[in-house]
Ligand SMILES: Cc1ncc(COP(=O)(O)O)c(C=O)c1O
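In this note's numbering, the protein residues as written are 2 to 474.
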């Protein structure tokens, strides 16, 4: 565990003053932040626990931002990173330089990725992996002489990151506010494959047919000679842990192949063991994507790193001899040796500790308990997800599935109750999402479930007391 830096209340208050004055937080409201602000100054981490400046300990069921896969505060990671800093603290992979961590990591990623994926471009995180995928797609299609292929299809409620391109490919309604601009002429969104929100009375297989038809119709409407790529997350993360109907990925992948459309699997969340595999696309859904984006669990959040991985077929085109084409994409920190070292150590720990087995055991237990024990709660509409990637959707009316009004902030109310009880669960609108570290034990899974249940019950009481809900609901 790291040394305690913030020792008392006045230190914590001072930090908040500095923070409010100078620090624009991710996804915050600048108009109200200074008057509200957060309650926490986090000071320590250990395993799946966080501690704040008052000495309160929290079980982090969010796993950071879906990323602390091997758990927090590992000494051997600190040593590996420190050794690499002493050995070679910075190097660039621009043009023709290489070094051990980048070369070894690229080879390891090629080994654990689906068989057709053997090429890796390193980025600084998930958004930059998506941006790089977008640029590679343009490059590839142009190199093939398919210069008309500029259009992208993706899913409503998908989250692909925060850069201009990644946000435009993403389809979250709550992100696409009029306060920002987006690429709209060449990026198209089709239905989010969430059966819970399918038209009432439609069977799951009819819904699946509808979704697959919708993709094919959209390709034909734009013109298959104009559609460059389709982006999808194997399991949608920030969009609400949406597991599509069985067969969805395979069938949409086949539609893409039929129409010469590249299939991009955004595995920023689902890779590195989150659902028990290195990558979910092939192992869980039988799909061999043309491009895979990853980040987060690649270093378990110890050091920022992302990767955009792509197929031999794409590589053959862009590397065709005699054209002198330059892949003019590169970040100062692409393949940073310290980040690559962290990724290699992370992979070593996952393998040595057999963490995927733990995900299969504890993750299945967690999923089963979550799915069976919350359905009776009056404000729980659905619990969904796979293994250590779960979400609870709250509804104001179970029968009609009507949501609570946004201003109630139902996810936030539940997560506040949970943190009072020593548990972090992430609120996203009317959802609470969880993606705990892969080292989770059954006892810790029980703690999450029991604490979350108590928090939902307390929130329900609060909603009754405030007159937001009537008793019969
Ligand atoms: C599926 C998916 N893609 C991309 C991103 C963006 O990754 P980053 O925040 O590392 O830029 C995220 C982040 O949550 C994500 O969930």
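Virtual Cβ for every residue (Gly too), placed ideally from N, Cα, C.
Bear in mind that the values here come from a model prediction, so they are computed numbers and not experimental data.
- Determine which residues share a DSSP beta bridge with residue 433 and list them. For this step, residue 433 is matched to residue 432 along the chain shown. Residue 433 is bridged to 393 and 428.
With DSSP run on the structure shown, which of helix, strand or coil describes residue 314? As a working note, residue 314 is residue 313 in the chain shown. Helix.
Checklist line | Alpha-carbon to alpha-carbon, residue 247 and residue 5 | finding: Mapped onto the chain shown, residue 5 falls at position 4. Mapped onto the chain shown, residue 247 falls at position 246. Summary for residue 5: the model assigns pLDDT 48, below 50, so the residue's position carries little reliability; its value from the coordinates is reported in the next sentence. Take the alpha-carbon of residue 5 and the one of residue 247: they are about 48 Å apart.
Practice problem: Locate the alpha helix (DSSP H) running through residue 324, then write down its first and last residues. | Solution: By 1-based counting over the chain shown, the position of residue 324 is 323. For residue 324, no alpha helix (DSSP H) run applies, since DSSP gives it neither H nor E.
Any heavy atom of ligand 1 inside 6 Å of the beta-carbon of residue 267? Position 266 of the chain shown holds residue 267. At least one heavy atom of ligand 1 is nearer than 6 Å to the Cβ of residue 267, so yes.
As assigned by DSSP and simplified to three states, the class of residue 195: Counting from one through the chain shown, the residue named residue 195 turns up at place 194. In the three-state reduction of the DSSP assignment, residue 195 falls in the coil class, being assigned neither a helical nor a strand state.
Could you tell me whether any non-hydrogen atom of ligand 1 is closer than 6 Å to the CB of residue 270? Position 269 of the chain shown, counting from 1, holds the residue named residue 270. Residue 270 Cβ: within cutoff of ligand 1.
| query | What separation, rounded to the nearest whole angstrom, lies between the Cα atoms of residue 342 and residue 350? | reply | On the chain shown, position 341 is the one that residue 342 refers to. On the chain shown, position 349 is the one that residue 350 refers to. When rounded, the distance between both Cα atoms is 12 Å.
Exercise. Can you list, in chain order, the residues of its chain whose CB lies under 7 Å from that of residue 138, leaving out five sequence neighbours each side?
Worked result: Here residue 138 is taken as the residue at index 137 of the chain shown, counted from 1. Excluding residues within five positions, the ones whose Cβ falls inside 7 Å are 229, 230 and 263.
Query raised in the report: Can you tell which of 419, 103 and 421 has the C-alpha that lies nearest to the C-alpha of residue 337?
Result: In the chain shown, residue 337 corresponds to position 336, counting from 1. Per the Cα distances, 103.
Item to complete: Excluding the 5 residues preceding and the 5 following residue 414 in the sequence, name in chain order all residues of the same chain whose CB lies nearer than 6 Å to its CB.
Response: Looking up residue 414 in the chain shown gives position 413. Same-chain partners within the cutoff: 460.
Cβ shell of residue 142 (< 6 Å), same chain only, five flanking positions each side left out
In the chain shown, residue 142 corresponds to position 141, counting from 1. If you ignore the 5 residues before and after residue 142, its C-beta comes within less than 6 Å of the C-beta of 150 and 229, all in its own chain and listed in chain order.
Just to confirm, does residue 64 get its C-beta within under 6 Å of one of the non-hydrogen atoms of ligand 1?
Counting from 1 along the chain shown, the entry for residue 64 is found at position 63. No.
Exercise. Might you give, ordered along the chain, the residues of its own chain that have their beta carbon closer than 7 Å to the beta carbon of residue 55, omitting 5 neighbours on each side?
Key: What you label residue 55 is simply residue 54 of the chain shown in a count that begins at 1. Taking residue 55 as the centre and dropping the five residues before and after it, the same chain places no C-beta closer than 7 Å to its C-beta.
*Can you tell me whether residue 267 is buried or exposed, with buried defined as 16 or more other CB within 10 angstroms of its CB?*
As a first step, residue 267 is located in the chain shown; it is residue number 266 there, counting from the start. With 16 or more Cβ atoms within 10 Å of its Cβ, residue 267 is classed as buried.
Report, in whole angstroms, the separation of the C-beta atoms of residue 240 and residue 158, which I expect to be a contact under 8 Å. Working through the chain shown from its first residue, we reach residue 240 at position 239. Working through the chain shown from its first residue, we reach residue 158 at position 157. Residue 240 to residue 158, Cβ: 4 Å. Contact.
Q | Span separating the alpha-carbon of residue 474 from that of residue 380 | A | Along the chain shown, one-based indexing puts residue 474 at 473. Along the chain shown, one-based indexing puts residue 380 at 379. Note that residue 474 scores 44 on pLDDT, short of 50, meaning its location in the model is unreliable and no value can be drawn from it.
Do residue 457 and residue 378 have their C-beta atoms within less than 7 Å of each other? For the purposes of this step, residue 457 is identified with residue 456 of the chain shown, where counting begins at 1. For the purposes of this step, residue 378 is identified with residue 377 of the chain shown, where counting begins at 1. Closer than 7 Å, so yes.
*Compare the Cα-Cα distances from residue 311 to each of 133, 203 and 470 and report the closest residue.*
For this step, residue 311 is matched to residue 310 along the chain shown. The candidate whose alpha carbon is nearest that of residue 311 is 133.
- Message: Quick check: the stretch 23-31 against the stretch 46-64, are at least 3 beta-carbon pairs closer than 8 Å?
- Response: The stretch 46-64 is not in contact with the stretch 23-31.
How long is the line joining the alpha carbons of residue 419 and residue 59, rounded to whole angstroms? By 1-based counting over the chain shown, the position of residue 419 is 418. By 1-based counting over the chain shown, the position of residue 59 is 58. Cα to Cα, residue 419 sits roughly 10 Å from residue 59.
**Report entry** Contact check, residue 140 vs residue 319, beta carbons under 7 Å
**Finding:** Walking along the chain shown from the start, residue 140 turns up at place 139. Walking along the chain shown from the start, residue 319 turns up at place 318. Between residue 140 and residue 319, the C-beta gap is smaller than 7 Å, which places the two residues in contact.
For residue 228, does the three-state DSSP call read helix, strand or coil? Against the chain shown, residue 228 aligns to sequence position 227. When DSSP states are grouped into helix, strand and coil, residue 228 belongs to the strand group.
- Message: Considering only heavy atoms of ligand 1, does any lie closer than 6 Å to the CB of residue 158?
- Response: Residue mapping note: residue 158 aligns to position 157 of the chain shown, counting from 1. Judged by the Cβ position, residue 158 fails to qualify as a neighbour of ligand 1 at the 6 Å threshold, every heavy atom of the ligand being at least this far.
With a threshold of 8 Å on Cβ separation, who are the neighbours of residue 481 within its own chain once the five nearest residues in sequence on each side are excluded?
The displayed coordinates of the chain run from 2 to 474. Any statement about residue 481 would go beyond what the structure contains.
Q | Length of the line joining the Cα atoms of residue 440 and residue 71 | A | Numbered from 1 along the chain shown, position 439 holds the residue referred to as residue 440. Numbered from 1 along the chain shown, position 70 holds the residue referred to as residue 71. About 6 Å.
**Asked** Can you find a heavy atom of ligand 1 that lies under 6 Å from the Cβ of residue 108?
**Response** Working through the chain shown from its first residue, we reach residue 108 at position 107. Answer for residue 108: no, Cβ out of range of ligand 1.
Subject >> alpha helix (DSSP H) runs contained entirely in the stretch 233-286, provided each spans 4 or more residues >> reply: 249-259 and 281-286, all fully within the stretch 233-286.
DSSP three-state call for residue 46: helix, strand or coil? Position 45 of the chain shown holds residue 46. Residue state, collapsed to three classes: strand.
_Residue of 422, 210 and 191 minimising C-alpha distance to residue 1_ = Missing from the structure shown is residue 1; the chain here goes from 2 to 474 and no further.
Could you spell out the range, first to last residue, of the alpha helix (DSSP H) harbouring residue 60?
Residue numbering aside, residue 60 sits at position 59 when the chain shown is read from its first letter. Element bounds for residue 60: not the alpha helix (DSSP H) but the beta strand (DSSP E), 58-61.
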